[in-house]
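Each residue of the sequence shown is one higher than the one before, starting from 0 at the first, in numbering that gives the first Met the number 0.
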Amino acid sequence: MDKKDLFDAFDGFSQNLMVTLADIEAMKKQVQNLLEENTSLRIENTKLRERLSQLEHETVSKSLNQGKEHLENIYLDGFHVCNSFYGQRRENDEECVFCMGLLYRE
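Dropping the structure here:
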């Protein structure tokens, strides 16, 4: 190989290295953008999970309160809501200790 061929080979190799370096820089920038987006999405996901948990807790509380209200209405209509006599009419609207314990326990 003569000197000109050797110089041309080095020149071509140098050009290939420059192109490869530019590709690496572009890939590096793309990875950086992806990492930033990933971090942003993780933060958003955490906030959404917290909000979802809060809403689920509120929904459970509401449904428990609504269930208790329905039982109170049934009891006020003159029917038992306790396990022992559920659905039976309370005679003379007398209070039932079991129903009261169920309705007003904490």
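Ideal Cβ positions, reconstructed from N, Cα and C, are used throughout, including at glycine.
Note that the coordinates shown come from a computational prediction; the quantities given were computed from them, not determined experimentally.
C-beta contact flag for residue i and residue j at 8 Å
i	j	result
Gly86	Phe78	yes
Leu102	Leu70	yes
Cys81	Arg89	no
Which residues DSSP lists as bridging residue i, in chain order
i	result
Phe78	Arg88
Residue i: CB within 7 Å of a non-hydrogen atom of the ligand FAD
i	result
Lys28	The model on display carries no ligand, and the ligand FAD is accordingly not part of it.
Whole-angstrom distance between residue j and residue i, CA atom to CA atom
i	j	result
Asp22	Ser13	14 Å
Ala25	Gln53	42 Å
Asp4	Asn15	16 Å
Asp76	His56	30 Å
Leu40	Gln29	16 Å
Glu43	Leu34	14 Å
Three-state class that DSSP yields for residue i in the structure shown
i	result
Arg104	coil
Ser83	coil
Cys95	coil
Asp4	helix
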